[in-house]
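Residue numbers (the working numbering), protein chains in the order written: chain S, 11 to 266; chain V, 11 to 266.
All C-beta atoms, glycine included, are put in the ideal place defined by N, C-alpha and C.
First up is the structure itself, then whatever we jot down about it.
2 protein chains.
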Amino acid sequence: MPLPTAPRAVLIDLAGVLHIDDQAIPGAVRALEALRASGLPLRFLTNTTRSPRGRIVASLQAMGFDITADEIQTAVLATRRLVAQRGLHPHYLVHPDIAGEIGASHATPDAVVLGDAGPHFAYDALNTVFRLLMQGLPFIVMARNRYFMARDGLTLDMGAFVAGLEYSSGRQAEVVGKPAEPFFRTVLDELGVAPADAVLIGDDLADDIGGAHAAGIPGILVRTGKFRPADEHHPTHRPAAVVDDFAAAVALLAAA
Amino acid sequence: MPLPTAPRAVLIDLAGVLHIDDQAIPGAVRALEALRASGLPLRFLTNTTRSPRGRIVASLQAMGFDITADEIQTAVLATRRLVAQRGLHPHYLVHPDIAGEIGASHATPDAVVLGDAGPHFAYDALNTVFRLLMQGLPFIVMARNRYFMARDGLTLDMGAFVAGLEYSSGRQAEVVGKPAEPFFRTVLDELGVAPADAVLIGDDLADDIGGAHAAGIPGILVRTGKFRPADEHHPTHRPAAVVDDFAAAVALLAAA
Numbered sequence: 011m012p013l014p015t016a017p018r019a020v021l022i023d024l025a026g027v028l029h030i031d032d033q034a035i036p037g038a039v040r041a042l043e044a045l046r047a048s049g050l051p052l053r054f055l056t057n058t059t060r061s062p063r064g065r066i067v068a069s070l071q072a073m074g075f076d077i078t079a080d081e082i083q084t085a086v087l088a089t090r091r092l093v094a095q096r097g098l099h100p101h102y103l104v105h106p107d108i109a110g111e112i113g114a115s116h117a118t119p120d121a122v123v124l125g126d127a128g129p130h131f132a133y134d135a136l137n138t139v140f141r142l143l144m145q146g147l148p149f150i151v152m153a154r155n156r157y158f159m160a161r162d163g164l165t166l167d168m169g170a171f172v173a174g175l176e177y178s179s180g181r182q183a184e185v186v187g188k189p190a191e192p193f194f195r196t197v198l199d200e201l202g203v204a205p206a207d208a209v210l211i212g213d214d215l216a217d218d219i220g221g222a223h224a225a226g227i228p229g230i231l232v233r234t235g236k237f238r239p240a241d242e243h244h245p246t247h248r249p250a251a252v253v254d255d256f257a258a259a260v261a262l263l264a265a266a
Numbered sequence: 011m012p013l014p015t016a017p018r019a020v021l022i023d024l025a026g027v028l029h030i031d032d033q034a035i036p037g038a039v040r041a042l043e044a045l046r047a048s049g050l051p052l053r054f055l056t057n058t059t060r061s062p063r064g065r066i067v068a069s070l071q072a073m074g075f076d077i078t079a080d081e082i083q084t085a086v087l088a089t090r091r092l093v094a095q096r097g098l099h100p101h102y103l104v105h106p107d108i109a110g111e112i113g114a115s116h117a118t119p120d121a122v123v124l125g126d127a128g129p130h131f132a133y134d135a136l137n138t139v140f141r142l143l144m145q146g147l148p149f150i151v152m153a154r155n156r157y158f159m160a161r162d163g164l165t166l167d168m169g170a171f172v173a174g175l176e177y178s179s180g181r182q183a184e185v186v187g188k189p190a191e192p193f194f195r196t197v198l199d200e201l202g203v204a205p206a207d208a209v210l211i212g213d214d215l216a217d218d219i220g221g222a223h224a225a226g227i228p229g230i231l232v233r234t235g236k237f238r239p240a241d242e243h244h245p246t247h248r249p250a251a252v253v254d255d256f257a258a259a260v261a262l263l264a265a266a
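In structure tokens, the structure reads:
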């Protein structure tokens, strides 16, 4: 899938592309300023579900990034919309820090919703979810990423718990965040931009690049964050371009 | 796979067949006495890895079962043998109650060994295992059962954590307990009995019946423990017989 000659919007993953934990990736702050100067509409798409959007924005701004809350689409907020649209009353297994954003679990749930509880994933909470799944409740997950890059190395993401619950329950989860096509489409619809006229920049080959491609959006893979050398030789996920980092991706777009 | 007309050994799963938690299944104590009276050699095969063999035997005897330790093959002890045979120095993520039976984790491990830590499965411990797997260490698991029956209902077993770690790491686990063929073969070799002359009685369609069949041993599925009605109509796992409980399985063998 080729890059558009004149892109009309840029979708940008956050963790691993602009920053790792609370550290900006070298050159990323200035590259974002340069991209802003081009006047292209930007949207930031994150599957991070351990923090509410307000804290994500505050953290990005503290690192020096000029980003506002309404430019950020999170898997948590997309899940909140989906739950409201379907009129569901879920049991939530999520990080305590997003409880205020997603709402409280219902005593008599009609769905199960999983976020990245991180260190709060505990056996008893997983067993409760397992039993609800065995009763046939729909299984909705904010993301199913395999891992992410933290300052001390690659770190287990919520996909492990999704896959494990799927295995034991024999049930299949519905993913709300990347790589789900509606997660990308919602953002592009708001901007009024066709998929082939947009570009996504991400560090996750399967969920960023693979998801964007499935939605018709060309993707640029950066060699930062969770990137691993083998990602450049994947049999099916082929980025439109692979560049060293976010600054190189912006330079590539400027040269187009 | 037909039942032998004159079986020469009976292999029996424990949890869900003879008992649930610390309660004997009705009729199972007397049925085991009747089976003993037939003079057939018996062996008990368990994937339970939350308790050492000594405690499993004590619990069975407290319920009234006439079973000795040397008749029980556990996935923990099979793993200990495999680790010794290969000269491995594993990192263990196991239940604290079997630490004395399996040994301590090595500071510079050359393998990862997972048991059913149960309530002790915690995010940080799983992340440590994930990182070792990403370094390429062999991944050995005592079992990968999906769930088991406890007194308060179907309960998440270690297979969820195995499947989750496989998903995130992209690595494949080697299973030591059921349904691994060597786990059955070791027992039959000790008894000098050919697979087709033995019978297995179990409540787990995939790991008991499927595993036994793969090892050439006809299996009887009981409708107790984790049994679910759908197990009787599985497309590939077809027990030699399905009976209500252990007592009915013993009666079936006596009538053969």
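Buried or exposed by the 16-neighbour rule on C-beta atoms within 10 Å, applied to residue i
{"i": "Gln83 (chain S)", "result": "buried"}
{"i": "Glu176 (chain S)", "result": "buried"}
{"i": "Asp213 (chain S)", "result": "buried"}
{"i": "Glu200 (chain V)", "result": "exposed"}
{"i": "Arg53 (chain V)", "result": "buried"}
{"i": "Ser179 (chain V)", "result": "buried"}
{"i": "Glu43 (chain S)", "result": "exposed"}
{"i": "Gly220 (chain S)", "result": "buried"}
{"i": "Arg156 (chain V)", "result": "buried"}
{"i": "Ser48 (chain V)", "result": "exposed"}
{"i": "Pro106 (chain V)", "result": "exposed"}
{"i": "Glu111 (chain V)", "result": "buried"}
{"i": "His29 (chain V)", "result": "buried"}
{"i": "Gly97 (chain V)", "result": "exposed"}
{"i": "Asp255 (chain S)", "result": "buried"}
{"i": "Gly64 (chain V)", "result": "exposed"}
{"i": "Gly303 (chain V)", "result": "Residue 303 (chain V) falls outside the range modelled here, since chain V spans only 11 to 266, and no answer is possible."}
{"i": "Ala173 (chain S)", "result": "buried"}
Where the beta strand (DSSP E) containing residue i begins and where it ends
{"i": "Gln83 (chain V)", "result": "Ile82 to Thr84"}
{"i": "Met159 (chain V)", "result": "Tyr157 to Ala160"}
{"i": "Gly163 (chain S)", "result": "Gly163 to Leu166"}
{"i": "Val67 (chain S)", "result": "First-last for Val67 (chain S): Arg63 to Ala72, but that is the alpha helix (DSSP H), not the beta strand (DSSP E)."}
{"i": "Ile108 (chain V)", "result": "Run containing Ile108 (chain V): none; DSSP gives neither H nor E here."}
{"i": "Leu263 (chain V)", "result": "Note, Leu263 (chain V): premise wrong, no beta strand (DSSP E); alpha helix (DSSP H) at Phe256 to Ala265."}
{"i": "Ala121 (chain S)", "result": "Ala121 to Leu124"}
{"i": "Asp23 (chain S)", "result": "Ala19 to Asp23"}
{"i": "His101 (chain V)", "result": "Pro100 to Leu103"}
{"i": "Phe54 (chain S)", "result": "Leu52 to Thr56"}
Within-8 Å CB hit, residue i to chain S
{"i": "Pro129 (chain V)", "result": "yes"}
{"i": "Phe54 (chain V)", "result": "no"}
{"i": "Leu98 (chain V)", "result": "no"}
{"i": "Phe171 (chain V)", "result": "yes"}
{"i": "Leu164 (chain V)", "result": "yes"}
CB contact below 8 Å: residue i versus chain V
{"i": "Met159 (chain S)", "result": "no"}
{"i": "Leu262 (chain S)", "result": "no"}
{"i": "Ser178 (chain S)", "result": "yes"}
{"i": "Asp167 (chain S)", "result": "yes"}
{"i": "Arg233 (chain S)", "result": "no"}
{"i": "Gly174 (chain S)", "result": "yes"}
{"i": "Arg156 (chain S)", "result": "yes"}
Supposed close pair residue i, residue j - CB separation, criterion 8 Å
{"i": "Val67 (chain S)", "j": "Thr59 (chain S)", "result": "That belief does not hold up - the Cβ atoms of Val67 (chain S) and Thr59 (chain S) are roughly 15 Å apart, past 8 Å."}
{"i": "Val151 (chain V)", "j": "Val104 (chain V)", "result": "So it is not a contact: roughly 10 Å between Cβ atoms."}
{"i": "Pro17 (chain S)", "j": "Ala208 (chain S)", "result": "6 Å"}
{"i": "Asp32 (chain V)", "j": "Thr56 (chain V)", "result": "Going by Cβ atoms, the distance from Asp32 (chain V) to Thr56 (chain V) rounds to 15 Å, so no, they are not a contact pair."}
{"i": "Ser115 (chain V)", "j": "Pro100 (chain V)", "result": "7 Å"}
{"i": "Lys236 (chain S)", "j": "Leu164 (chain S)", "result": "6 Å"}
{"i": "Gly229 (chain V)", "j": "Asp218 (chain V)", "result": "6 Å"}
{"i": "Phe194 (chain V)", "j": "Ala222 (chain V)", "result": "6 Å"}
{"i": "Ala19 (chain S)", "j": "Val203 (chain S)", "result": "4 Å"}
{"i": "Ala183 (chain S)", "j": "Arg154 (chain S)", "result": "7 Å"}
{"i": "Phe171 (chain S)", "j": "Leu136 (chain S)", "result": "7 Å"}
{"i": "Asp76 (chain S)", "j": "Arg46 (chain S)", "result": "6 Å"}
Unbroken alpha helix (DSSP H) run spanning residue i, endpoints
{"i": "Ile230 (chain V)", "result": "Element bounds for Ile230 (chain V): not the alpha helix (DSSP H) but the beta strand (DSSP E), Gly229 to Val232."}
{"i": "Leu175 (chain V)", "result": "Gly169 to Ser179"}
{"i": "Ala250 (chain V)", "result": "Counting along the chain, Ala250 (chain V) falls outside any alpha helix (DSSP H), and DSSP gives it neither H nor E."}
{"i": "Ala216 (chain S)", "result": "Note, Ala216 (chain S): premise wrong, no alpha helix (DSSP H); not H, not E."}
{"i": "Phe140 (chain S)", "result": "Tyr133 to Met144"}
{"i": "Phe149 (chain S)", "result": "Here Phe149 (chain S) belongs to no alpha helix (DSSP H); instead the beta strand (DSSP E) covers Phe149 to Val151."}
{"i": "Thr196 (chain V)", "result": "Glu191 to Leu201"}
{"i": "Arg40 (chain S)", "result": "Ala38 to Ala47"}
Output, in sequence order along the chain, the residues in the region 130-146 of chain S whose CB is closer than 8 Å to any CB in chain A. Although the question refers to chain A, the structure presented lacks it and instead comprises the protein chains S and V.
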